[in-house]
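**Student:** Structure provided below as C-alpha cells; questions to follow.
2 protein chains.
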Amino acid sequence: MLDPINGRIVDARPVTAAEISPLDRLAPELAGGWRTATEYVEAILKAAILDGRLPGGTALRQEELAARFGVSRMPVREALRQLEAQALVDMLPHRGAVVTAISAADAADGYAIRRALEVAALRLSIPNLTAAQRAEAATLIAAMDSEPDAGRLGQLNRRFHLALYAAAGHARMLQLVEQELSAFDRYLRFHLAAHGRGEMAQHDHRAMLDAADRGEVEAAVAVLERHLDQAAATIARFFRGRGG
Amino acid sequence: MLDPINGRIVDARPVTAAEISPLDRLAPELAGGWRTATEYVEAILKAAILDGRLPGGTALRQEELAARFGVSRMPVREALRQLEAQALVDMLPHRGAVVTAISAADAADGYAIRRALEVAALRLSIPNLTAAQRAEAATLIAAMDSEPDAGRLGQLNRRFHLALYAAAGHARMLQLVEQELSAFDRYLRFHLAAHGRGEMAQHDHRAMLDAADRGEVEAAVAVLERHLDQAAATIARFFRGRGG
DNA sequence: CGGCCGTTGATTGGATCCAACATTACGCTA
DNA sequence: TAGCGTAATGTTGGATCCAATCAACGGCCG
Numbered sequence: 004m005l006d007p008i009n010g011r012i013v014d015a016r017p018v019t020a021a022e023i024s025p026l027d028r029l030a031p032e033l034a035g036g037w038r039t040a041t042e043y044v045e046a047i048l049k050a051a052i053l054d055g056r057l058p059g060g061t062a063l064r065q066e067e068l069a070a071r072f073g074v075s076r077m078p079v080r081e082a083l084r085q086l087e088a089q090a091l092v093d094m095l096p097h098r099g100a101v102v103t104a105i106s107a108a109d110a111a112d113g114y115a116i117r118r119a120l121e122v123a124a125l126r127l128s129i130p131n132l133t134a135a136q137r138a139e140a141a142t143l144i145a146a147m148d149s150e151p152d153a154g155r156l157g158q159l160n161r162r163f164h165l166a167l168y169a170a171a172g173h174a175r176m177l178q179l180v181e182q183e184l185s186a187f188d189r190y191l192r193f194h195l196a197a198h199g200r201g202e203m204a205q206h207d208h209r210a211m212l213d214a215a216d217r218g219e220v221e222a223a224v225a226v227l228e229r230h231l232d233q234a235a236a237t238i239a240r241f242f243r244g245r246g247g
Numbered sequence: 004m005l006d007p008i009n010g011r012i013v014d015a016r017p018v019t020a021a022e023i024s025p026l027d028r029l030a031p032e033l034a035g036g037w038r039t040a041t042e043y044v045e046a047i048l049k050a051a052i053l054d055g056r057l058p059g060g061t062a063l064r065q066e067e068l069a070a071r072f073g074v075s076r077m078p079v080r081e082a083l084r085q086l087e088a089q090a091l092v093d094m095l096p097h098r099g100a101v102v103t104a105i106s107a108a109d110a111a112d113g114y115a116i117r118r119a120l121e122v123a124a125l126r127l128s129i130p131n132l133t134a135a136q137r138a139e140a141a142t143l144i145a146a147m148d149s150e151p152d153a154g155r156l157g158q159l160n161r162r163f164h165l166a167l168y169a170a171a172g173h174a175r176m177l178q179l180v181e182q183e184l185s186a187f188d189r190y191l192r193f194h195l196a197a198h199g200r201g202e203m204a205q206h207d208h209r210a211m212l213d214a215a216d217r218g219e220v221e222a223a224v225a226v227l228e229r230h231l232d233q234a235a236a237t238i239a240r241f242f243r244g245r246g247g
C-alpha cells in the first residue's frame with residue numbers, strides 16, 4: 004500500500020477481522036437489519052470504502068473477502084456488482100474488482116453533480132417544507148456542533164442536506180443526491196484536514212436553514228451554491244498542494 | 004397482461020425467442036461485443052425494458068429468463084442486480100424482480116433530474132466544444148429528420164444530446180445523463196403519440212446547436228430548459244388524459 | 001361460518017464445483 | 001542476449017445443487 008489518495012494499484016489490503024465484525028458478526032440481522040448476506044457484505048464494504056479503510060486502488064479478491072465475511076464467494080460477487088453500479092468499485096471481466104480511485108477530477112465531478120442536483124432539489128423543496136422538517140434540520144446542525152468523530156460528522160452533514168431537500172418529491176432525484184453525498188464522505192477527511200473544523204460550513208448551514216424558514220428560495224440557493232463552490236475549491240487546493 | 008403503462012403486477016411475459024436472439028445467439032461476441040454472459044443478458048433485458056417489450060410490472064423469473072437466454076440462473080441474477088441499480092427493476096428479497104413501473108411521477112422525476120444535470124453539462128460543455136463535435140451533432144439532427152423507427156429515433160436523440168455535452172468533462176456526470184436519457188426512452192412512445200412527430204423538438208435541437216456554434220451559452224441553456232419543460236408538460240398531459 | 005395455523009409448492013439466496021480467461025514465469029530460438 | 005511462444009498458476013465467470021423463505025391452499029378450531 005503506497006498512497007491512500009492516488010489511484011495506483013496497491014497490494015490487496017482487505018479489512019481486518021477486527022474492522023469488519025466487532026459484534027456485527029454475532030447478530031447480523033439485528034445489528035444492521037440485513038436480510039441477506041449480499042446486503043450485509045455490500046453494507047460493510049461500502050462503509051469501508053467510504054470511510055477510507057479501503058483506499059482507492061485496493062484490489063478486492065472475492066475469495067479473500069468471502070473468507071473474512073464468513074460467506075461464500077457468491078454474495079461477495081453480487082455485492083461487488085452493486086458497488087460497481089454505485090461507482091465505488093471498478094470491475095473488469097476476468098480481472099477482478101478494484102476500489103475506485105479518488106482524484107481531483109473525480110472530486111470536481113462530484114461537486115458539479117451535487118451543485119446541479121442539490122440546487123434543483125432545494126428549489127423544489129423549500130416551498131413545501133414542513134415545520135417538522137425544518138426543526139429536524141435545526142437539530143442536525145446542533146448535533147454537528149458537538150460531534151468530534153469525522154465519520155459521524157459526515158453522516159450528520161448528509162442527513163442535514165437531505166432533510167432540507169426532503170419535501171422536493173422526486174424520489175429518484177433524492178436517491179441520486181444521497182448517493183453523491185455518500186460518495187463525498189471519501190473526501191470529507193481532506194476537507195477537514197485542509198479547513199480546520201469547517202466553522203464556515205456550519206455558518207452556511209445556518210444561513211440556508213434561515214432562508215428556508217423565511218421561504219426565500221433564491222437566497223437559500225445562493226448560499227448553497229457558494230457553499231458547494233467553496234468546498235470544491237478547498238478540495239481542489241488540497242489536491243494541488245500535494246501534486247494530485 | 005393488462006395495461007402497459009400502469010404498474011400493476013402482470014403475468015410474466017418474457018421476451019420470446021424471436022425477440023431476444025434472432026442471430027445474436029449465434030455470434031454473441033461479434034454481434035454486441037459482449038464479453039460475459041452477464042453483460043449479454045443485461046444488454047438484452049435492458050433493451051427490452053426500455054423499448055417497452057417488457058412493460059412495467061412484469062415479473063422476471065430467473066429460471067424462465069435463464070432458459071430463454073440459454074444460460075444458467077447466475078448470469079441472470081447478476082444482470083438483474085445491475086438493472087436494479089439502474090432503477091429499471093425492483094428486487095425484493097426472496098420475492099423476485101419486477102420491471103419498474105412507469106408513472107407520471109416517475110416521468111416528472113426524470114425530467115427534473117435531466118433539467119438539472121443537462122443544463123449544468125451544457126454550460127460546462129459549450130465553451131469547450133470542438134468543430135468536430137458540433138458537426139457530429141448536426142449530423143445527428145439530420146439523421147433524426149429521416150428516421151421513422153421510434154427506437155432508433157430515441158437512440159439518435161440520446162446521441163445528439165450527449166454530443167452537445169461531450170466537452171463538459173466530468174465523466175460521472177455524463178454517465179448519469181446517459182442513464183437518464185436511456186430511461187427516457189420508455190416515455191418516448193407516449194411523447195410521439197401525443198405530439199405527432201416532434202417537429203417542435205427538432206426546431207429546439209437546431210436552435211441549441213446554433214447557439215452552441217455561436218458560443219452563446221445562456222441562449223442554448225434557455226432553449227434546453229424550454230425544450231425539457233415542454234416535453235415534461237406533454238408527458239404530464241398525456242398521463243392526465245388517461246387518468247394516470 | 002369465519003379466522004387462525006400448519007403444510008405444500010414455487011422461487012429465490014447461498015454453497016460448491018468446474019471451466020474459461022488473464023497474467024506470469026519459463027524455456028527455446030534466432 | 002533479446003524476443004517470442006508456451007506452459008503453469010491464480011482468479012474470475014458459469015453451472016449445478018441444496019437450503020431458506022414466501023405465498024397459497026386447506027384443515028382445524030372457536
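Each protein sequence line maps, in turn, to chains D and H. The first sequence begins at 4 in this note's numbering and counts up by one. The second sequence begins at 4 in this note's numbering and counts up by one. Yeah, the Cβ is synthetic: ideal placement off N, Cα and C, and Gly gets one too.
On the DSSP bridge assignment, give the partners of residue 94/H in chain order.
**Tutor:** DSSP, once it has assigned bridges, lists 100/H as partnering residue 94/H.
**Student:** Counting pairs of Cβ atoms below 8 Å between the segment 117–137 of chain D and the segment 154–162 of chain D, do you hit three or more?
**Tutor:** With a cut-off of 8 Å, the segment 154–162 of chain D and the segment 117–137 of chain D do not count as touching, because too few Cβ pairs lie within range.
**Student:** Could you run through the segment 87–104 of chain H and flag, in chain order, every residue whose CB is less than 9 Å away from some CB of chain D?
**Tutor:** Answer set for the segment 87–104 of chain H: 87, 88, 89, 90, 96 and 97.
**Student:** Compute the distance between the beta-carbons of residue 129/D and residue 212/D, then report whether it is under 8 Å.
**Tutor:** No.
**Student:** Please report the distance separating the alpha-carbon of residue 192/H from that of residue 142/D.
**Tutor:** Each residue's alpha carbon lies about 46 Å from the other.
**Student:** In chain order, what residues of the same chain have a beta carbon less than 6 Å from the beta carbon of residue 235/D, not counting five sequence neighbours either side?
**Tutor:** So the qualifying residues of the chain are 114.
**Student:** On a CA-only basis, which of 224/D, 185/D, 173/D and 233/D is nearest residue 204/D? Give me that one, please.
**Tutor:** Nearest of 224/D, 185/D, 173/D and 233/D to residue 204/D, Cα basis: 233/D.
**Student:** Going by the beta-carbon positions, is the gap between residue 249/D and residue 167/D smaller than 8 Å?
**Tutor:** Within the shown structure, residues of chain D are numbered from 4 to 247, placing residue 249/D beyond reach of any answer.
**Student:** Could you check what DSSP says for residue 165/D in three-state terms: helix, strand or coil?
**Tutor:** Correct three-state label for residue 165/D: helix.
**Student:** Grab the span of the alpha helix (DSSP H) containing residue 244/H for me, first residue to last.
**Tutor:** Start and end: 220–244.
**Student:** List the residues of chain D that residue 235/H touches, going by C-beta distances under 8 Å, in chain order.
**Tutor:** In chain order: nothing, as chain D lies at least about 12 Å away.
**Student:** When DSSP builds the beta bridges, which residues end up paired with residue 63/D?
**Tutor:** The partner list for residue 63/D (beta bridge, DSSP) reads 100/D.
**Student:** For residue 85/D, return the contacting residues in chain H, with the cut-off set at a CB-CB distance below 9 Å.
**Tutor:** Near residue 85/D (Cβ distances below 9 Å), the residues of chain H are 84, 85, 87 and 88.
**Student:** I'd like the list of long-range same chain contacts for residue 125/D, defined as Cβ closer than 7 Å, with 5 residues on each side in sequence excluded.
**Tutor:** If we look at residue 125/D and ignore the five residues flanking it on each side, its Cβ neighbours are 167, 168, 223, 224 and 227.
**Student:** Do three or more CB pairs link the segment 60–69 of chain H to the segment 96–103 of chain H at distances below 8 Å?
**Tutor:** Short answer: they touch.
**Student:** Within 8 Å (strictly less), CB to CB, does residue 81/D reach chain H?
**Tutor:** So yes, residue 81/D belongs to the interface.
**Student:** Are the beta-carbon atoms of residue 173/H and residue 238/H separated by less than 8 Å?
**Tutor:** Contact: no.
**Student:** Does residue 116/H come within less than 8 Å of chain D when only Cβ atoms are used?
**Tutor:** Output row for residue 116/H: interface = yes.
**Student:** Looking at chain D, is there any beta carbon in it that lies within less than 8 Å of the beta carbon of residue 173/H?
**Tutor:** With 8 Å as the cut-off, residue 173/H counts as an interface residue toward chain D.
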